[in-house]
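Participant:
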Amino acid sequence: HAKSGPARGWALFDDELGDALRERALLAAELRDAVHCNTLLPFFQPILKIETGELIGFEVLARWQRGDKGFVAPDVFIPLAEELGLIDRLSDQLLRRCCAAMASWDPKLSISFNLSPRQLNHAGLAKRIGRILDEAGIPGSRLAIEITETAVFIDMDRARQVISELRALGVRVSLDDFGIGTSSLAVLSQLPFDTIKIDRSFISDIEHNPQNAKIVRGVLALARSLELTVTAEGIESDEDLAFLKTNNCVQGQGYFFSRPVPEDALPQLVDDVARAAAIMRGEIAELP
Ligand code: C2E
Ligand code: MG
Ligand code: MG
Ligand code: MG
Numbered sequence: 225h226a227k228s229g230p231a232r233g234w235a236l237f238d239d240e241l242g243d244a245l246r247e248r249a250l251l252a253a254e255l256r257d258a259v260h261c262n263t264l265l266p267f268f269q270p271i272l273k274i275e276t277g278e279l280i281g282f283e284v285l286a287r288w289q290r291g292d293k294g295f296v297a298p299d300v301f302i303p304l305a306e307e308l309g310l311i312d313r314l315s316d317q318l319l320r321r322c323c324a325a326m327a328s329w330d331p332k333l334s335i336s337f338n339l340s341p342r343q344l345n346h347a348g349l350a351k352r353i354g355r356i357l358d359e360a361g362i363p364g365s366r367l368a369i370e371i372t373e374t375a376v377f378i379d380m381d382r383a384r385q386v387i388s389e390l391r392a393l394g395v396r397v398s399l400d401d402f403g404i405g406t407s408s409l410a411v412l413s414q415l416p417f418d419t420i421k422i423d424r425s426f427i428s429d430i431e432h433n434p435q436n437a438k439i440v441r442g443v444l445a446l447a448r449s450l451e452l453t454v455t456a457e458g459i460e461s462d463e464d465l466a467f468l469k470t471n472n473c474v475q476g477q478g479y480f481f482s483r484p485v486p487e488d489a490l491p492q493l494v495d496d497v498a499r500a501a502a503i504m505r506g507e508i509a510e511l512p
């Protein structure tokens, strides 16, 4: 970097741009490798029945351990995988891995699996998912697919078709991040969802935010009248939980229960959740 004179500013800019492009190319190449070698991991976050504390299953959240650089967040690598045309392959790998894991679980437990916007437009999505379930011997009823509002909005007709195909497999379909999109009500009126997931921005501060509290009560009433199940995301405190319990929200997830964990931590997590539920029901005493 031995630059001087009037061109110095531009040279610096070029360097920074060059660095950013190089870093991105490197990230892309490493992501290609990771998908090629099937090294992306599913992490699991528990989803519980709020009234009883009973474990229903887990949301699957993709994690990429990038060498010694630590975990890369899905918000970074999922859009990149879409751009690189790797998303279907990545998604199928993750789902296969989850189905393999599920074979050894209590059959009452299900998974909730995120699909990204562009996957909805890819032909044969439901057929591929059906095949993966079949090969693993997992019934469709143990799978829910989460779709975000923005994704759905791209093409309503296409979305309706894909959702119907998934439901024909017995797979439930959830509207993710409900409330922060642009067309929540239009989407609900036109598409046959089973569940809505209230975005965590409405939940995680609910005890200090009367406006959000009113909105969430309204969403819960709306869901009841549409006969939809509700999952509250982002439960971070016992106050968040108490509010949702008082207002009869059926399902929830959040750091208060557990962060997403790797597969090998699941047996311990399942035990912990069962113990917490038993304490809640008064069946066993809390440890001093
Ligand atoms: P999402 O589907 O809405 O998932 C919930 C996100 O909130 C996750 O972030 C989760 O770790 C985080 N979270 C859960 N509980 C709490 C809480 O109590 N407080 C806070 N602050 N955060 C909480 P994560 O794992 O970083 O995933 C981000 C997004 O990336 C997901 O949002 C989802 O849209 C996407 N994603 C993750 N895995 C996949 C995947 O396999 N495929 C696709 N297409 N998208 C994925
Ligand atoms: Mg989700
Ligand atoms: Mg969400
Ligand atoms: Mg809170």
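Numbering-wise, the sequence shown is residues 225 to 512 according to full-length UniProt numbering. The beta carbon of each residue, even a glycine, is placed where N, CA and C say it ideally should be. Everything numeric in this text was worked out from a predicted model, so none of it was measured.
Return the residue from the list ILE420, ALA360, LYS351, LEU304 that minimises the CA-CA distance to SER388.
Facilitator: By 1-based counting over the sequence shown, the position of residue 388 is 164. For the residues ILE420, ALA360, LYS351, LEU304, the minimum Cα distance to SER388 belongs to LYS351.
Participant: Any heavy atom of ligand 1 inside 7 Å of the beta-carbon of THR387?
Facilitator: Taking the first residue of the sequence shown as position 1, residue 387 is located at position 163. It is worth fixing the name first, because residue 387 is Ile in this sequence and not Thr. Every heavy atom of ligand 1 is 7 Å or more from the Cβ of ILE387, so no.
Participant: Please classify LYS332: does DSSP put it in a helix, a strand, or coil?
Facilitator: What you label residue 332 is simply residue 108 of the sequence shown in a count that begins at 1. LYS332: coil per DSSP, three-state reduction.
Participant: Which same chain residues end up closer than 8 Å to LEU255 when comparing Cβ atoms and leaving out the 5 residues on each side of it in sequence?
Facilitator: Mapped onto the sequence shown, residue 255 falls at position 31. The answer, listed in chain order, is TRP288, PHE301, LEU304, ALA305, LEU308, LEU310.
Participant: Could you give the C-beta distance for VAL454 and VAL485, rounded to a whole number, given that I count them as a contact under 8 Å?
Facilitator: Here residue 454 corresponds to residue number 230 of the sequence shown, with the count starting at 1. Here residue 485 corresponds to residue number 261 of the sequence shown, with the count starting at 1. Not really, about 24 Å apart at Cβ, beyond 8 Å.
Participant: Note down the Cα distance separating ASP257 from LEU314, rounded to an integer number of angstroms.
Facilitator: For the purposes of this step, residue 257 is identified with residue 33 of the sequence shown, where counting begins at 1. For the purposes of this step, residue 314 is identified with residue 90 of the sequence shown, where counting begins at 1. In a straight line, the C-alpha of ASP257 is about 11 Å away from that of LEU314.
Participant: Please confirm whether PHE282 and ILE271 have their CB atoms less than 8 Å apart.
Facilitator: Against the sequence shown, residue 282 aligns to sequence position 58. Against the sequence shown, residue 271 aligns to sequence position 47. For PHE282 and ILE271, yes; Cβs fall inside 8 Å.
Participant: Tell me where the alpha helix (DSSP H) around residue 221 begins and ends.
Facilitator: Here the chain comprises residues numbered 225 to 512, so residue 221 is not present and cannot be evaluated.
Participant: Based on Cα-Cα distance, which residue from ALA500, ASN338, GLN477, ARG441 lies nearest to LYS403?
Facilitator: Taking the first residue of the sequence shown as 1, we reach residue 403 at position 179. Correcting the residue type first, residue 403 is Gly in the shown sequence and not Lys. When each option's Cα is compared against that of GLY403, the closest is ARG441.
Participant: Could you spell out the range, first to last residue, of the beta strand (DSSP E) harbouring GLY405?
Facilitator: Taking the first residue of the sequence shown as 1, we reach residue 405 at position 181. Run containing GLY405: none; DSSP gives neither H nor E here.
Participant: Can you list, in chain order, the residues of its chain whose CB lies under 6 Å from that of HIS225, leaving out five sequence neighbours each side?
Facilitator: Locating residue 225 in the sequence shown gives position 1, where the first residue counts as 1. At HIS225 the pLDDT is 49, less than 50, meaning the model places this residue with poor confidence; the figure from the coordinates comes in the next sentence. Contacts found: none.
Participant: Is the beta carbon of ILE427 closer than 8 Å to that of ASP400?
Facilitator: In the sequence shown, residue 400 corresponds to position 176, counting from 1. In the sequence shown, residue 427 corresponds to position 203, counting from 1. Contact flag unset, no.
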